[in-house]
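Participant: Each residue of the sequence shown is one higher than the one before, counting from 1 in full-length UniProt numbering. By construction, the Cβ of each residue, glycine as well, lies at the ideal position given by its N, Cα and C atoms. Just so we're clear, the structure is a prediction, and the values are computed from it rather than from any experiment. Next up is a structure, given as C-alpha cells.
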Amino acid sequence: MPRIRHKQLDCSPGCAVEATLELIDGKWKGVILFHLLQGTLRFNAIRKLLPNVTQRMLTAQLRELEQDGFVLRTVYAEVPPKVEYSLTERGRSLEPVIMALKHWGDAHAYFEKKTASPEVFAAVAE
Numbered sequence: 001m002p003r004i005r006h007k008q009l010d011c012s013p014g015c016a017v018e019a020t021l022e023l024i025d026g027k028w029k030g031v032i033l034f035h036l037l038q039g040t041l042r043f044n045a046i047r048k049l050l051p052n053v054t055q056r057m058l059t060a061q062l063r064e065l066e067q068d069g070f071v072l073r074t075v076y077a078e079v080p081p082k083v084e085y086s087l088t089e090r091g092r093s094l095e096p097v098i099m100a101l102k103h104w105g106d107a108h109a110y111f112e113k114k115t116a117s118p119e120v121f122a123a124v125a126e
C-alpha cells in the first residue's frame, strides 16, 4: 500500500525534506539534473549520458521535471524538430543539493566488486 504524502509542509520539521525528496524522487531525475547543471542538452545527448534509461522513462522523467518547474523544454520549429532541455532558475537552485549528493557518493558509495565479500552482495540485493 502506498504511503500517504503530506499536502502541507507545516505538519512536522521533516516535511520540507519529504516534500523536496518527493519532487526529485525518481530513478533518473537526480542524474538528469546533474547533467543539466553543465548546460543545455538535447534529448539524444541526455540519452547518451544515461545509456541504461529507456526512451519512454527518460521522456517521463523530463516531463515531470518540466511540470515541477525544474527544467525548461525549448522546441524549435525546424525539420527535423529540435528540442533542448535546460535548467530553470528553480532547477539551478538545486545545484548545492545535487553536488552534495555527488560528493557524498564519491566519498561513500564506491566499492569494488572484486574485493567485496559475498555477504556484501547479499546485503545489497536485499
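Using 8 Å as the cut-off, can you tell me whether the region 29-37 makes contact with the region 82-102, which would need three or more C-beta pairs spanning the two stretches below that distance?
Facilitator: The region 29-37 is in contact with the region 82-102.
Participant: Tell me, which residues are paired with residue 85 by DSSP?
Facilitator: The sequence position of residue 85 within the sequence shown is 85, counting from 1. Looking at the DSSP assignment, residue 85 forms a beta bridge with 41, 73.
Participant: Applying the 10 Å Cβ sphere with the 16-neighbour rule, what's the burial state of residue 28?
Facilitator: Working through the sequence shown from its first residue, we reach residue 28 at position 28. So residue 28 ends up on the buried side.
Participant: Taking residue 30 as the reference, which of 109, 107, 106, 95 has the closest Cα?
Facilitator: For the purposes of this step, residue 30 is identified with residue 30 of the sequence shown, where counting begins at 1. Per the Cα distances, 95.
Participant: Report, in whole angstroms, the separation of the C-beta atoms of residue 42 and residue 79, which I expect to be a contact under 8 Å.
Facilitator: Locating residue 42 in the sequence shown gives position 42, counting from the first residue. Locating residue 79 in the sequence shown gives position 79, counting from the first residue. The pair is not a contact, with the Cβ atoms about 15 Å apart (cut-off 8 Å).
Participant: In whole angstroms, what is the alpha-carbon distance linking residue 102 and residue 74?
Facilitator: Here residue 102 refers to the residue found at position 102 when the sequence shown is read from its first residue. Here residue 74 refers to the residue found at position 74 when the sequence shown is read from its first residue. Cα-Cα distance, rounded: 27 Å.
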